[in-house]
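For reference, the structure discussed in these notes is given below.
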Amino acid sequence: MALSRSEIVAKSDLKRGYKNKALKLPLTTIAEIERLAEVKGLSQAQFIVLLVEQFGEQVKGA
Numbered sequence: 001m002a003l004s005r006s007e008i009v010a011k012s013d014l015k016r017g018y019k020n021k022a023l024k025l026p027l028t029t030i031a032e033i034e035r036l037a038e039v040k041g042l043s044q045a046q047f048i049v050l051l052v053e054q055f056g057e058q059v060k061g062a
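Positions 1 to 62 (my numbering) are the ones given, in order, by the sequence shown.
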């Protein structure tokens with residue numbers, strides 16, 4: 001049985017260490033993520049990864 005396009009993409013992403021994560025966030029938070037990512041010249045995904053890494057460092061240091 002042939003895989004659908006979405007199944008192929010999901011399998012490829014998982015193989016490369018990626019997984020889709022959908023979050024329900026307030027519109028103001030989404031707008032701020034969009035704005036700050038653009039200011040920093042990053043994609044929104046890269047910006048969120050950077051924030052999580054920095055937060056993790058702060059938690060370790062606390």
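Ideal Cβ placement from N, Cα and C applies to all residues, glycine included.
This structure is a prediction, so every number in the text was calculated from the model and none was measured.
Collapsed DSSP secondary structure at residue i in the structure displayed
i, result
"A31", "helix"
"A10", "helix"
"G17", "coil"
"A62", "coil"
Integer-rounded CB distance, given that residue j should sit under 8 angstroms from residue i
i, j, result
"D13", "K21", "Rounded, the Cβ-Cβ distance is 11 angstroms, inconsistent with contact."
"F47", "A37", "4 angstroms"
"Q44", "E53", "Not a contact, Cβ separation roughly 15 angstroms."
Short Cβ contact (8 angstroms threshold) for residue i with residue j
i, j, result
"L42", "L51", "no"
Cutoff 8 angstroms; reference residue i; Cβ partners in own chain excluding five residues on either side
i, result
"F107", "Here the chain has residues from 1 to 62 only, and residue 107 is not among them."
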